[in-house]
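Asker: Please see the structure below; I have some questions.
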Amino acid sequence: MADPTVRAPLGMLIELTHRCPLHCPYCSNPLELVRRSEELTREQWSDILTQARELGVVQMHFSGGEPLARPDLPDLVGHARQLGAYVNLVTSGVGLTADRARDLAERGVDHVQLSLQDADPALGDEIAGARVHAAKLKAADAVTAAGLPLTVNVVLHRRNIDRVERIVDLAVGLGADRIELANTQYYGWGLRNRAALMPTRDQLAAAHQAVRRARAKHEGGPELVYVAADYYDDRPKPCMDGWGNTQLTVTPTGDVLPCPAASAITTLPVENVLRRPLSEIWYDSKAFNAYRGTGWMRDPCRTCPERNTDHGGCRCQAFQLTGDAAATDPACGLSPHRSLVDAALAEVTDGPAPAFVLRGPVAP
Amino acid sequence: MTSLPEPTVPRLRPGVRLTSDPARGELALLPERVVVLNDTAAAVLTHCDGTATLGRIVERLAEEYEGVSTQDVSELLQRLAERRVVDLDG
Chain V
1 MADPTVRAPL GMLIELTHRC PLHCPYCSNP LELVRRSEEL TREQWSDILT QARELGVVQM
61 HFSGGEPLAR PDLPDLVGHA RQLGAYVNLV TSGVGLTADR ARDLAERGVD HVQLSLQDAD
121 PALGDEIAGA RVHAAKLKAA DAVTAAGLPL TVNVVLHRRN IDRVERIVDL AVGLGADRIE
181 LANTQYYGWG LRNRAALMPT RDQLAAAHQA VRRARAKHEG GPELVYVAAD YYDDRPKPCM
241 DGWGNTQLTV TPTGDVLPCP AASAITTLPV ENVLRRPLSE IWYDSKAFNA YRGTGWMRDP
301 CRTCPERNTD HGGCRCQAFQ LTGDAAATDP ACGLSPHRSL VDAALAEVTD GPAPAFVLRG
361 PVAP
Chain L
1 MTSLPEPTVP RLRPGVRLTS DPARGELALL PERVVVLNDT AAAVLTHCDG TATLGRIVER
61 LAEEYEGVST QDVSELLQRL AERRVVDLDG
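Heads up: the protein sequence lines correspond to chains V and L, in order.
Just so we're aligned: 183 in UniProt numbering is position 183 of the first sequence, and the numbers increase by one with no gaps anywhere.
Just so we're aligned: 86 in UniProt numbering is position 86 of the second sequence, and the numbers increase by one with no gaps anywhere.
This is how it looks when you write it as structure tokens:
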């Protein structure tokens, strides 16, 4: 039964493909990647965009994998923009030449989010598992030359967090309007590399000071967003803007998820847009209603004054660590499972970090 | 909040687009946010074309609405600047 208090979604993450030229150890995509032959066609995506706009989606984030790997990206961007949506391109920058950037801008891209791995070229290439750092700097130039606003996204972890200030300086130099520094969130492949990625407590404290100095140095400059490391916090990060509240994700095969990481919750029924209209999935499906609002909560969340702010923390993390997606996020100090997080932190020592397990390519 | 100096030329920040949505009314779309605009904010923003000064915007609004004050428009624009919808550089 549809709940009349449920509002229409604002944003949709469009995972066009899992194919990616990068092999980042913190990749949050699932362990099992979708093959190229299983990806939706242009016509299917086009219909999904139309359905999404009719449902109320006004922001469309084209992502992946690497969305530029899809030759139909320009057509889909044009369609999204014709529908009136705000078009955001989330890219590694590999393959984003000046010509392609200009073409995408003309077709209606409003904003580009470009990932960087590090300020140091050799270390950046090492994290990406490919020689791409130099290409990324060129891609940033291509974006700004096309007149598009640029956000630089950097995932922080043990191997790059000591260079926060250099990273910010680099992003400012590239002409970023917005810089997002996000501590690693451990999903999909990233969870497998947790011990190698987790910064030490001292590194994290130093990074907080570095962010403060960078903010002061570039005051009046780009917006600097810092996403904290939830394992070291006493309170969990909020579940999106709430489960099934403002956002949805569509995977390369058309699975529709309340959160990009939600395929990790194996107890969640899988909804697919080829089998059911998008609006029905949003309003009526079990998956989207499972953790909406606060009715599903148990103690300590049920009576917690923060339940409407953090929504009990992350459902995907709760499932990954406890096997129960309705549990309180173990990152919360009030969770009866907090010891699971503390145990992971206890393994982090000042000695050399374990080696990364790099992601392999997607099967054809 | 103090008044803005003249000549301030407010303009939409790069990457910000205004749109109308049948269900939600007037919206400012930002890279990672959607700002739902009330009627006053929507009216002010339609005049922020990157050439009109604050004074000119107030004049134009006064042609359409009663009781428009420079102080109110100035404060509204400063709130929109804090939310990164507009730039207020001269």
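Glycine is no exception: its CB is placed at the ideal position from the N, C-alpha and C atoms.
Using a cut-off of 7 Å between C-beta atoms, extract the partners of Ala8(V) located in chain L.
Answerer: Position 8 of the first sequence, counted from the start, is the residue given in the question as residue 8(V). Going along chain L in sequence order, the residues near Ala8(V) (Cβ under 7 Å) are Ala23.
Asker: Given a limit of 9 Å on CB to CB distance, which residues of the stretch 163-180 of chain V reach chain L?
Answerer: Asp177, Arg178, Glu180
Asker: State the DSSP-derived secondary structure class of His111(V), mapped to helix, strand or coil.
Answerer: For the purposes of this step, residue 111(V) is identified with residue 111 of the first sequence, where counting begins at 1. The answer is strand: DSSP assigns His111(V) an E or B state.
Asker: In whole angstroms, what separates the C-alpha of Ala326(V) from that of Pro269(V)?
Answerer: To locate residue 326(V), count along the first sequence from 1; it is residue 326. To locate residue 269(V), count along the first sequence from 1; it is residue 269. Cα-Cα distance, rounded: 15 Å.
Asker: Give the residues from the stretch 67-94 of chain V that approach chain L closer than 9 Å (Cβ to any Cβ), ordered along the chain.
Answerer: Gly84, Ala85, Tyr86, Asn88
Asker: Would DSSP call Tyr26(V) helix, strand or coil?
Answerer: Position 26 of the first sequence, counting from 1, holds the residue named residue 26(V). Here Tyr26(V) sits in coil by DSSP.
Asker: Should Ser92(V) go down as buried or exposed, given a rule of 16 or more other Cβ atoms within 10 Å for buried?
Answerer: By one-based count along the first sequence, residue 92(V) stands at place 92. By the neighbour-count rule (16 or more Cβ atoms within 10 Å), Ser92(V) is buried.
Asker: Could you compute how far the alpha carbon of Ala196(V) sits from the alpha carbon of Ala353(V)?
Answerer: For the purposes of this step, residue 196(V) is taken as residue 196 along the first sequence, with counting starting at 1. For the purposes of this step, residue 353(V) is taken as residue 353 along the first sequence, with counting starting at 1. Cα to Cα, Ala196(V) sits roughly 5 Å from Ala353(V).
Asker: If Thr328(V) sits next to Gly351(V), beta carbons under 8 Å apart, how far is it from one beta carbon to the other, in whole angstroms?
Answerer: Stepping through the first sequence from its first residue, residue 328(V) is reached at position 328. Stepping through the first sequence from its first residue, residue 351(V) is reached at position 351. Between Gly351(V) and Thr328(V) the Cβ distance is about 32 Å, and since that is not below 8 Å, they are no contact.
Asker: What first and last residue would you give for the beta strand (DSSP E) that runs through Thr151(V)?
Answerer: Translated into positions along the first sequence, residue 151(V) becomes position 151. First-last of the beta strand (DSSP E) with Thr151(V): 150-156.
Asker: Look up His79(V) in the DSSP assignment and say whether it is helix, strand or coil.
Answerer: Translated into the one-based positions of the first sequence, residue 79(V) becomes position 79. Helix, per DSSP.
Asker: Just to make sure I have the definition right: I need the residues of chain L whose C-beta is within less than 9 Å of the C-beta of Gln203(V). Which are they?
Answerer: Numbered from 1 along the first sequence, position 203 holds the residue referred to as residue 203(V). The premise fails here: Gln203(V) is roughly 26 Å from chain L at the closest Cβ pair, so nothing lies under 9 Å.
Asker: Consider the Cβ of His218(V): report whether some Cβ of chain L lies at a distance smaller than 8 Å.
Answerer: Position 218 of the first sequence holds residue 218(V). No - not a single Cβ of chain L is within 8 Å of the one on His218(V).
Asker: So, does the CB of Gly56(V) fall closer than 8 Å to a CB anywhere in chain L?
Answerer: On the first sequence, position 56 is the one that residue 56(V) refers to. Yes, its Cβ sits closer than 8 Å to a Cβ of chain L.
Asker: Which of the residues in the stretch 23-53 of chain L, read from start to end, lie with their CB under 7 Å from any CB of chain V?
Answerer: Within the stretch 23-53 of chain L, the residues whose Cβ lies closer than 7 Å to some Cβ of chain V are Ala23, Leu27, Leu29, Pro31, Val34, listed in chain order.
Asker: Could you name the residues that DSSP lists as bridge partners for Gln59(V)?
Answerer: Taking the first residue of the first sequence as position 1, residue 59(V) is located at position 59. According to DSSP, Gln59(V) bridges with Gly11(V), Tyr86(V).
Asker: Quick test of your reading: Val94(V) and Ala135(V), contact by CB under 8 Å. State the CB separation rounded to the nearest angstrom.
Answerer: Within the first sequence, numbered from 1, the residue matching residue 94(V) stands at position 94. Within the first sequence, numbered from 1, the residue matching residue 135(V) stands at position 135. Confirmed, about 6 Å.
Asker: DSSP beta-bridge partners for Asn183(V)?
Answerer: Translated into positions along the first sequence, residue 183(V) becomes position 183. Under the DSSP definition of a beta bridge, Asn183(V) partners with Leu156(V).
Asker: Report the three-state DSSP secondary structure of Asp21(L) (helix, strand or coil).
Answerer: As a working mapping, residue 21(L) is identified with position 21 in the second sequence. DSSP places Asp21(L) in strand when its eight states are reduced to three.
Asker: Helix or strand or just coil, what does DSSP make of Asp255(V)?
Answerer: The residue labelled residue 255(V) in the question sits at position 255 within the first sequence. Note: Asp255(V) maps to strand in three-state DSSP.
Asker: Just to confirm my understanding: we take Thr246(V), look at its own chain, exclude 5 residues before and 5 after, and list those with CB closer than 8 Å. What are they?
Answerer: Mapped onto the first sequence, residue 246(V) falls at position 246. Here the set comprises Arg7, Pro9, Leu10, Gly11, Met240.
Asker: Could you tell me the boundaries of the alpha helix (DSSP H) in which Val341(V) lies?
Answerer: As a working note, residue 341(V) is residue 341 in the first sequence. Per DSSP, Val341(V) belongs to the alpha helix (DSSP H) from 338-346.
Asker: Got a sec? Which residues, its chain only, sit under 7 Å from Ala214(V) by beta carbon, not counting five neighbours each side?
Answerer: Numbered from its first residue, the first sequence carries residue 214(V) at position 214. Closer than 7 Å at Cβ, skipping near neighbours: Val164, Glu165, Val168, Leu224.
Asker: Pick helix, strand or coil for Leu88(L), following the three-state DSSP scheme.
Answerer: In the second sequence, counting from the first residue as 1, residue 88(L) sits at position 88. Leu88(L) falls in the coil class under three-state DSSP.
Asker: Among residues of its own chain, excluding the 5 on either side of Pro252(V), which ones have a beta-carbon nearer than 8 Å to its beta-carbon?
Answerer: Numbered from its first residue, the first sequence carries residue 252(V) at position 252. The answer, listed in chain order, is Glu15, Leu16, Thr17, His18, Val34, Glu38, Glu39, Leu40, Gly64, Gly65.
Asker: Can you find a CB in chain L that lies within less than 8 Å of the CB of Gln59(V)?
Answerer: Residue mapping note: residue 59(V) aligns to position 59 of the first sequence, counting from 1. By this cut-off, Gln59(V) is an interface position.
Asker: Does DSSP put Asp49(L) in a helix, in a strand, or in coil?
Answerer: Numbered from its first residue, the second sequence carries residue 49(L) at position 49. Asp49(L): strand per DSSP, three-state reduction.
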